[in-house]
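Asks: Read top to bottom, the protein sequences are chains A and B. All residue numbers for the first sequence refer to the working numbering, where the first residue is 5 and numbers rise by one. All residue numbers for the second sequence refer to the working numbering, where the first residue is 117 and numbers rise by one. Every residue, glycine too, gets a C-beta built ideally from N, C-alpha and C. Note that the structure is a prediction, hence the values are computed from the model and not measured.
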Amino acid sequence: MRLITHNMLSCNIKGVTNGFPLKIEAEKVIEKEVDFNPDFLKHMFAKIEWKALVEAARAMGYGELPEDSPDVAVIESADETFLKKLHHALLEIHLEEGALVCPETGRKFPVNKGIPNMLLHEDEV
Amino acid sequence: MSSRPEFLAPPEIFYDDSEARKYTSSSRIVEIQARLSERALELLALPEDDVPRFLLDIGCGSGLSGETISENGHQWIGLDISASMLNVAVEREVEGDLLLGDMGQGLGIRPGVIDGAISISAVQWLCNADKSSHEPRLRLKAFFGSLYRCLSRGARAVFQVYPESIAQRELILRHALQAGFGGGLVVDYPHSTKKRKEFLVLTCGSVPTSINDGHKESGSDDDDDDSEDEENGMVCVSDRNRPRKKQRTNKKGKGREWVLRKKEQSRRKGNDVPADSKYTARKRKSRF
Numbered sequence: 005m006r007l008i009t010h011n012m013l014s015c016n017i018k019g020v021t022n023g024f025p026l027k028i029e030a031e032k033v034i035e036k037e038v039d040f041n042p043d044f045l046k047h048m049f050a051k052i053e054w055k056a057l058v059e060a061a062r063a064m065g066y067g068e069l070p071e072d073s074p075d076v077a078v079i080e081s082a083d084e085t086f087l088k089k090l091h092h093a094l095l096e097i098h099l100e101e102g103a104l105v106c107p108e109t110g111r112k113f114p115v116n117k118g119i120p121n122m123l124l125h126e127d128e129v
Numbered sequence: 117m118s119s120r121p122e123f124l125a126p127p128e129i130f131y132d133d134s135e136a137r138k139y140t141s142s143s144r145i146v147e148i149q150a151r152l153s154e155r156a157l158e159l160l161a162l163p164e165d166d167v168p169r170f171l172l173d174i175g176c177g178s179g180l181s182g183e184t185i186s187e188n189g190h191q192w193i194g195l196d197i198s199a200s201m202l203n204v205a206v207e208r209e210v211e212g213d214l215l216l217g218d219m220g221q222g223l224g225i226r227p228g229v230i231d232g233a234i235s236i237s238a239v240q241w242l243c244n245a246d247k248s249s250h251e252p253r254l255r256l257k258a259f260f261g262s263l264y265r266c267l268s269r270g271a272r273a274v275f276q277v278y279p280e281s282i283a284q285r286e287l288i289l290r291h292a293l294q295a296g297f298g299g300g301l302v303v304d305y306p307h308s309t310k311k312r313k314e315f316l317v318l319t320c321g322s323v324p325t326s327i328n329d330g331h332k333e334s335g336s337d338d339d340d341d342d343s344e345d346e347e348n349g350m351v352c353v354s355d356r357n358r359p360r361k362k363q364r365t366n367k368k369g370k371g372r373e374w375v376l377r378k379k380e381q382s383r384r385k386g387n388d389v390p391a392d393s394k395y396t397a398r399k400r401k402s403r404f
């Protein structure tokens, strides 16, 4: 699972009001190279919850993202160093084994072979 | 369609390891899936500005439909309930991310982040109750409600469905509309039983200006005169049965006269009817 997906996922248990962001417990992280596409990153940037992304990237062992959300001007500028970092964090780091933890209930969603198991028990629906 | 997989077992059990492999190694299924997903993407009508979009594939299975999305240059998340199917997808090294989840439990995705959703032959599974805790209406409601929330404004969702009956199609459509979606049904090849494919095209937020036409078989539907309303590919959902006349009842009930008339009618038909008496159709005491 890439961090772009993690940034979209929230806990779906009934009664949970703030199930985002899920905390990452990483056991195995792998990296896969993906084609760099600045248009996509610019398109997605508005939708990304920055704090959650920085935290998630740290949990995966990638600490090069700035703490504060950068300006739109940085995104639009010709300098691609920032976009390269964003690209790496969003699309190239994969959580292979580990778990996602709901911030409110502490429920663990295990991640096996890169697939998070988001199935809920019957009493959680 | 003689045997529908929905009738055999729940999806997470039906698509076990062997079925998942069979499904993905059959070149016929692969071809059909590719064609269906190509068509679903077309109906999704994403803006043509070469910017990759972030799509959701519901019931992605072994990632056959996701492959088509990747080929068109978009990023995607796939959701499926069958772990075996997802394992095959991992083996095939699909580019999207995979989630093991049940769409009937609602999608756990943040609001307004997804640019479009497709689903190939999956939504009809929601109409089955496979566990005692399953209630199709609630599951459809949870699914469409959460989908509506996670789509961005103006995004579309396209579902290819195999509804089993008119009632089922109506059930799915009604829940989609209740969740706030606009849109309707696009039918490809409406005159062919084999090639006929139905797509549910839903829009989130703004009303679409036009929904694409259904594909036609060239020259084959000339002999059909009543195809006027299907010309634009839209089919209204309607039942053959007329709604039953509302029975006229008032507070007092139907009265003695009505009962006597009905008894007389029944007698004329030769039925065994108790004789009329002073007790016929009298009012009950108030303690009832």
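In the region 100 to 126 of chain A, which residues sit with their C-beta less than 7 Å from some C-beta in chain B, listed in chain order?
Replies: LYS117, GLY118, ILE119, PRO120, ASN121, MET122, LEU123, LEU124 and GLU126
Asks: Considering only residues of the same chain and omitting the five flanking positions on each side of A:MET48, which have a CB-CB separation below 6 Å?
Replies: none
Asks: Can you grab the Cα-Cα spacing for the pair B:TYR305 / B:GLN149, in whole Å?
Replies: Cα-Cα distance, rounded: 16 Å.
Asks: Of the residues A:LEU13, A:ASN11, A:ASP43 and A:GLY23, which one's Cα is nearest the Cα of A:GLY4?
Replies: For residue 4 of chain A there is no data in the structure shown, the boundaries of chain A being 5 and 129.
Asks: My guess is that B:GLY232 and B:ARG137 are in contact by the Cβ rule of under 8 Å, so how many angstroms apart are they, rounded?
Replies: At roughly 30 Å, the Cβ-Cβ gap does not stay under 8 Å, so B:GLY232 and B:ARG137 are not in contact.
Asks: Which residues, taken in chain order from the region 34 to 57 of chain A, show a beta carbon closer than 7 Å to some beta carbon of chain B?
Replies: ASN41, ASP43, PHE44, HIS47, MET48 and LYS51
Asks: Whose CA, out of B:ALA292, B:ARG144 and B:LEU157, lies closest to the CA of B:VAL239?
Replies: B:ALA292
Asks: May I ask you to report which of helix, strand or coil DSSP gives A:ASN121?
Replies: Secondary structure of A:ASN121 (DSSP, three-state): strand.
Asks: Going along the chain, which residues of the region 308 to 322 of chain B sit with their C-beta nearer than 8 Å to a C-beta in chain A?
Replies: none
Asks: Using DSSP with H/G/I as helix, E/B as strand and the rest coil, what is A:PRO42?
Replies: helix
Asks: Thinking just about the alpha-carbon of each residue, which of A:LYS117, A:GLU68, A:LEU13 and A:LYS55 is nearest to the one in A:GLY102?
Replies: It is A:LYS117.
Asks: Using a Cβ-Cβ cut-off of less than 9 Å, list which residues of the region 202 to 223 of chain B approach chain A; keep chain order.
Replies: Taking 9 Å as the cut-off between beta carbons, the residues of the region 202 to 223 of chain B near chain A are LEU202, ASN203, ALA205, VAL206, GLU211, GLY212, ASP213, LEU214, LEU215, LEU216, GLY217, ASP218, GLY220, GLN221, GLY222 and LEU223, in sequence order.
Asks: Nearest-angstrom Cα distance between B:CYS320 and B:GLY261?
Replies: 11 Å
Asks: Could you check whether the Cβ of A:ASN41 sits closer than 7 Å to any heavy atom belonging to the ligand ATP?
Replies: The ligand ATP is not among the ligands present in this structure, which contains no ligands whatsoever.
Asks: Excluding sequence positions up to five away, which residues of its chain have a Cβ less than 6 Å from the Cβ of A:ILE52?
Replies: ASN11
Asks: For a test of the three-state rule: what should DSSP assign to B:VAL303, helix, strand or coil?
Replies: strand
Asks: Can you give the Cα-Cα distance for B:SER382 and B:SER402, rounded to whole angstroms?
Replies: 29 Å
Asks: What residues in the region 247 to 276 of chain B have a beta carbon less than 7 Å from any beta carbon of chain A?
Replies: SER249
Asks: Considering only residues of the region 48 to 115 of chain A, which uninterrupted beta strand (DSSP E) runs meet the minimum length of 3 residues and lie entirely inside it, listed in chain order?
Replies: 97 to 105
Asks: Can you pull the chain B neighbours of A:LEU13, defined as C-beta to C-beta under 7 Å?
Replies: GLY224 and ILE225
Asks: Could you tell me which residues DSSP puts in a beta bridge with B:TRP192?
Replies: In the DSSP output, where bridge partners are listed per residue, B:TRP192 has B:LEU171.
Asks: Evaluate the contact criterion for the region 217 to 232 of chain B versus the region 182 to 189 of chain B: three or more CB pairs, one atom per stretch, below 8 Å.
Replies: no
Asks: Taking the alpha carbon of A:CYS15 as the point to measure from, which residue in B:PRO227, B:GLN294 and B:ILE234 has its own alpha carbon closest?
Replies: B:PRO227
Asks: Quick one: which chain A residues come within Cβ less than 8 Å of B:ILE193?
Replies: THR9 and MET12
Asks: Using 8 Å as the Cβ pair cut-off and three pairs as the minimum, do the region 244 to 251 of chain B and the region 296 to 315 of chain B touch?
Replies: Taking 8 Å as the limit for Cβ pairs, the verdict is that the region 296 to 315 of chain B does not touch the region 244 to 251 of chain B.
Asks: Tell me B:THR319's beta-bridge partners as DSSP assigns them.
Replies: B:ARG272 and B:GLY298
Asks: Ignoring anything shorter than 3 residues, give me the beta strand (DSSP E) runs that lie fully in the region 198 to 271 of chain B, in order along the chain.
Replies: 213 to 216 and 230 to 236
Asks: I'd like to know whether the C-beta of A:VAL76 is nearer than 8 Å to at least one C-beta of chain B.
Replies: At least 8 Å separates the CB of A:VAL76 from every CB of chain B.
Asks: Using CA atoms only, rank isn't needed, just tell me which of A:PRO74, A:LYS89, A:VAL129 and A:HIS125 is closest to A:LEU7.
Replies: A:LYS89
Asks: Taking B:ILE185 as part of the beta strand (DSSP E), name the residues at either end of that continuous run.
Replies: From DSSP, B:ILE185 is part of no beta strand (DSSP E) but of the alpha helix (DSSP H) over 180 to 187.
Asks: In its own chain, which residues sit with a C-beta less than 8 Å from the C-beta of B:GLY371, not counting the 5 before and 5 after it?
Replies: ALA397
Asks: What are the boundary residues of the alpha helix (DSSP H) that B:ALA150 is part of?
Replies: 143 to 160
Asks: Can you tell which of B:ASP165, B:GLU154, B:LEU162 and B:CYS176 has the C-alpha that lies nearest to the C-alpha of B:TYR139?
Replies: B:CYS176
Asks: Considering A:ILE8, what are the terminal residues of the alpha helix (DSSP H) in which it resides?
Replies: 7 to 12
Asks: Whose Cβ in chain A lies nearer than 8 Å to the Cβ of B:ASP166?
Replies: ASP43
Asks: Is DSSP giving A:ILE28 helix, strand or coil here?
Replies: Reduced to three states, the DSSP call for A:ILE28 is strand.
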